[in-house]
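One structure is given below, encoded as structure tokens.
Number of protein chains: 2
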Amino acid sequence: MAALPSGKHDVFQAIADPTRREVLRLLVDREMPVTAITGHFAMTRTAVSKHLRILSEAGLVKERKVGRETRYRLEPQPLQELRGWLQYYERFWENKMSALQRLVEAEDGPEGE
Amino acid sequence: MAALPSGKHDVFQAIADPTRREVLRLLVDREMPVTAITGHFAMTRTAVSKHLRILSEAGLVKERKVGRETRYRLEPQPLQELRGWLQYYERFWENKMSALQRLVEAEDGPEGE
DNA sequence: AGTATAGGACACCATATGGTTTCGTGTCAA
DNA sequence: TTGACACGAAACCATATGGTGTCCTATACT
Chain A
1 MAALPSGKHD VFQAIADPTR REVLRLLVDR EMPVTAITGH FAMTRTAVSK
51 HLRILSEAGL VKERKVGRET RYRLEPQPLQ ELRGWLQYYE RFWENKMSAL
101 QRLVEAEDGP EGE
Chain B
114 MAALPSGKHD VFQAIADPTR REVLRLLVDR EMPVTAITGH FAMTRTAVSK
164 HLRILSEAGL VKERKVGRET RYRLEPQPLQ ELRGWLQYYE RFWENKMSAL
214 QRLVEAEDGP EGE
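Line by line, the protein sequences are chains A and B. Residue numbering for the first sequence is 1 to 113, as defined by our numbering. Residue numbering for the second sequence is 114 to 226, as defined by our numbering.
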């Protein structure tokens with residue numbers, strides 16, 4: 001269930017930081033080396049590198065060495081855990097159900113968790 | 114767009130902590146006073162109270178005073194922001210698309226949001 | 001009235017987090 | 001081979017985070 005912990009940071013923690021969410025956006029359509037990523041932020045390369053490590057621990061990015069650069073790319077699969085978590089709550093806001101209605105749905109719901 | 118910031122903590126931060134995610138689960142089907150919530154955790158009432166404040170700042174719970182107790186209930190709407198964020202990435206893991214395919218999908222995508 | 005219960009406020013503490021600078025190493029270009 | 005570039009590692013720093021214990025007030029019980 002815990003989706004192979006490649007480090008001490010999980011997906012929930014990884015996406016908690018706005019900078020890291022921006023990094024993910026950057027990597028959506030292309031692979032990028034650290035310096036290029038850093039160009040998009042007002043912080044040092046080292047700081048960005050740390051964010052990349054956390055994302056990597058969460059499995060959200062993968063690195064590939066090409067010559068002297070390390071290119072990072074998005075690895076979206078771990079977001080499925082987040083999606084699964086969210087799905088549990090989705091039905092609750094859809095029709096602004098009451099607590100009682102939620103209770104019924106929760107027990108009666110079409111879950112396979 | 115930033116969904117009325119009722120405090121300094123946002124949804125992403127709020128759900129980053131496992132304890133807070135558990136609290137949300139507890140409140141799914143019923144309203145609960147602080148002490149009752151605390152009963153489910155190995156920490157003090159004060160600690161739980163702080164978590165509740167953070168959840169409250171993120172808009173994920175609402176409090177209601179009843180006599181001497183403060184009852185908390187789930188307020189799932191703010192999770193929609195998370196869902197919107199996630200949806201952007203959903204298409205990327207569905208069929209393990211390549212970066213190029215993702216690029217095309219991202220620009221050309223079948224959006225109706 | 002007097003006591004017990006619920007819970008917020010406050011002071012405090014250890015560790016995590018997000019950032020910096022400096023340094024070392026591997027790789028590319030002249 | 002000398003130098004510039006890409007990057008990680010390490011030491012350091014301020015603040016945030018997650019927890020504690022003590023105290024105070026409001027409400028309920030008898």
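Quick reminder that beta carbons are idealized off the backbone N, C-alpha and C, glycines included. Since the structure is predicted, the reported quantities are computational estimates derived from the model, not experimental observations.
Around Leu52(A), the same chain offers Val23, Val34, Ile37, Val61, Glu63, Tyr72 as residues with beta carbons nearer than 8 Å, after the five sequence neighbours per side are excluded. Residue environment for Arg20(A): buried (at least 16 other C-beta atoms within 10 angstroms of its C-beta). With a 10 Å radius around the Cβ and a threshold of 16 neighbouring Cβ atoms, Gly197(B) comes out exposed. The beta-carbon separation of Glu170(B) and Lys121(B), rounded to 7 Å, stays under the 8 Å limit for a contact. For Asp123(B), the closest C-alpha among the options Lys163(B), Pro191(B), Asp142(B) is that of Pro191(B).
Around the beta carbon of Glu203(B), fewer than 16 other beta carbons lie within 10 angstroms, which makes this residue exposed.
Taking C-alpha positions only, Leu199(B) is separated from Lys50(A) by approximately 23 Å. Closer than 9 Å to the CB of Arg64(A) there is not a single CB belonging to chain B. The C-beta of Arg181(B) comes no closer than 9 Å to any C-beta of chain A. Sequence-distant partners of Glu188(B) (beyond 5 residues in either direction) whose C-beta falls short of 8 Å from its own C-beta, in its chain, are Gly172, Leu173, Val174, Lys175. For Arg64(A), the enclosing beta strand (DSSP E) begins and ends at 61–66. The shortest CA-to-CA distance from Val179(B) to any of Ala127(B), Pro131(B), Arg138(B), Glu144(B) is the one to Glu144(B).
In terms of Cβ geometry, Phe125(B) and Leu168(B) do not form a close pair [threshold 9 Å]. For secondary structure counted as the beta strand (DSSP E) over 3 or more consecutive residues, the stretch 141–210 of chain B holds these complete runs in sequence order: 174–179, 182–187. For Ala127(B), the enclosing alpha helix (DSSP H) stretches over residues 124–127.
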